[in-house]
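A short worksheet on the structure shown next.
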Amino acid sequence: MFEFSPRFGGHGCFHSMSEKSFAAKTTIPILLGYSTIGCAFGLIVHNCGYPWYVVLLTSVLIYAGAAQYAIAGMFAAGAGYLDIAIAMFLINSRHMVYGFSLLEKFKGTKPYTPYLIFGLTDETFGLLSTVNVPASLDRPKTYFYITLLDQLYWILGGLAGYFIGAAIPFDFEGVDFALTSLFTVLLVEQWKHCANKLPFLIAAVCAVAAILIAGPRHMLILAFVLAVAGIMIFRKRVEPC
Numbered sequence: 003m004f005e006f007s008p009r010f011g012g013h014g015c016f017h018s019m020s021e022k023s024f025a026a027k028t029t030i031p032i033l034l035g036y037s038t039i040g041c042a043f044g045l046i047v048h049n050c051g052y053p054w055y056v057v058l059l060t061s062v063l064i065y066a067g068a069a070q071y072a073i074a075g076m077f078a079a080g081a082g083y084l085d086i087a088i089a090m091f092l093i094n095s096r097h098m099v100y101g102f103s104l105l106e107k108f109k110g111t112k113p114y115t116p117y118l119i120f121g122l123t124d125e126t127f128g129l130l131s132t133v134n135v136p137a138s139l140d141r142p143k144t145y146f147y148i149t150l151l152d153q154l155y156w157i158l159g160g161l162a163g164y165f166i167g168a169a170i171p172f173d174f175e176g177v178d179f180a181l182t183s184l185f186t187v188l189l190v191e192q193w194k195h196c197a198n199k200l201p202f203l204i205a206a207v208c209a210v211a212a213i214l215i216a217g218p219r220h221m222l223i224l225a226f227v228l229a230v231a232g233i234m235i236f237r238k239r240v241e242p243c
């Protein structure tokens, strides 16, 4: 199978590699995923009748894939600003959980810390939580380039999708599965290279419990709350991962 993450090779090949090069190699799976997912977002914005700069502005200033999808649909449906703000908060509330789990990694990352917090998407979290930066590289700068490249992939994918939608007819069927595919790739990579499988077991149990309690459409926040509780309870057994 493909080995996407540089953490899994020998460190010797990274002695002459810059932070930018390391970040570019590390973010290959995100490039592949965001090319499709961002493109789908651009197509949706075009289909809703908005100008191209809506893709650019939301991707630069908001940069929250699921929330951007929701915003496009809610604006098209005539939703009010308050409703949109509440929806964005609920959709992005999971990022607070991500932030707590990266507190240690983000120590000493000034002056990049504000941008690292802003750019913490699901996929970027998946990379930053597992990547091992070689000692020869500047860790905060490497995190910055990983986050920046991920956002650039999203912006370019969105713009490409918009102009593709403007140029040729497009069938949307199956496009939404790209996000599921990207998460699956990230999960498999982490599973293969993390000796401690307890975090995966906790996540799976919490996800199933949340679906049973809240239903598939409302399970996300509950699943994250349960997962955080599980990680805190089994913290000493989880940390070796």
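Going by this note's numbering, the sequence shown opens with residue 3, and the numbers climb by one from there.
Here a beta-carbon is modelled for each residue, glycine too, at the ideal position from N, C-alpha and C.
| query | result |
| --- | --- |
| For Thr144, I'd like the list of residues in its chain whose CB is within less than 7 Å of its CB, leaving aside the five on either flank, ordered along the chain. | Glu21, Phe24, Ala25, Val135 |
| Indicate the three-state DSSP secondary structure (helix, strand or coil) for Asp140 in the structure shown. | coil |
| Tell me whether Gly51 is buried or exposed, calling it buried when 16 or more other Cβ atoms sit within 10 Å of its Cβ. | exposed |
| Rounded to a whole number of angstroms, what is the C-alpha to C-alpha distance between Gly217 and Gly232? | 20 Å |
| Excluding the 5 residues preceding and the 5 following Ala66 in the sequence, name in chain order all residues of the same chain whose CB lies nearer than 6 Å to its CB. | Asn94 |
| Counting pairs of Cβ atoms below 8 Å between the region 35-49 and the region 156-165, do you hit three or more? | yes |
| Here's the rule: buried if 16 or more other CB atoms are within 10 angstroms of the residue's CB, otherwise exposed. What is Ile148? | buried |
| Helix, strand or coil, according to DSSP, for Val133 in the structure here? | coil |
| Could you tell me the distance, in whole angstroms, from the CA atom of Gln153 to the CA atom of Val62? | 8 Å |
| Look up Met19 in the DSSP assignment and say whether it is helix, strand or coil. | coil |
| Is Gly217 helix, strand or coil by DSSP? | coil |
| Work out the CA separation of Asn49 and Pro171 for me, nearest whole Å. | 10 Å |
| So, are the CB atoms of Ala89 and Met98 less than 8 Å apart? | no |
| With distances taken from CA atoms, which of Ile213, Thr28, Met19, Ile64 is nearest Trp156? | Ile64 |
| Need the endpoints of the alpha helix (DSSP H) that Gly121 sits in, please. | Per DSSP, Gly121 belongs to no alpha helix (DSSP H) and is neither H nor E. |
| Can you give me the C-alpha to C-alpha distance between Leu58 and Arg239, rounded to a whole angstrom? | 43 Å |
| So Cys50 is in the alpha helix (DSSP H); what residue range does that whole segment cover? | It is not in any alpha helix (DSSP H) - Cys50 carries neither H nor E in the DSSP assignment. |
| Using the rule of at least 16 other Cβ atoms within 10 Å of the residue's Cβ for burial, across every protein chain shown, is Tyr83 buried or exposed? | exposed |
| Thinking just about the alpha-carbon of each residue, which of Glu125, Thr111, Ser103 is nearest to the one in Thr186? | Glu125 |
| Using 7 Å as the cut-off, classify the Cβ of Leu222 as near or not near the heavy atoms of the ligand SAH, replying yes or no. | For the ligand SAH, the structure offers nothing, since it holds no ligand at all. |
| Start and end of the alpha helix (DSSP H) containing Ile93? | 83-94 |
| Quick check on Pro113: does DSSP put it in helix, strand or coil? | coil |
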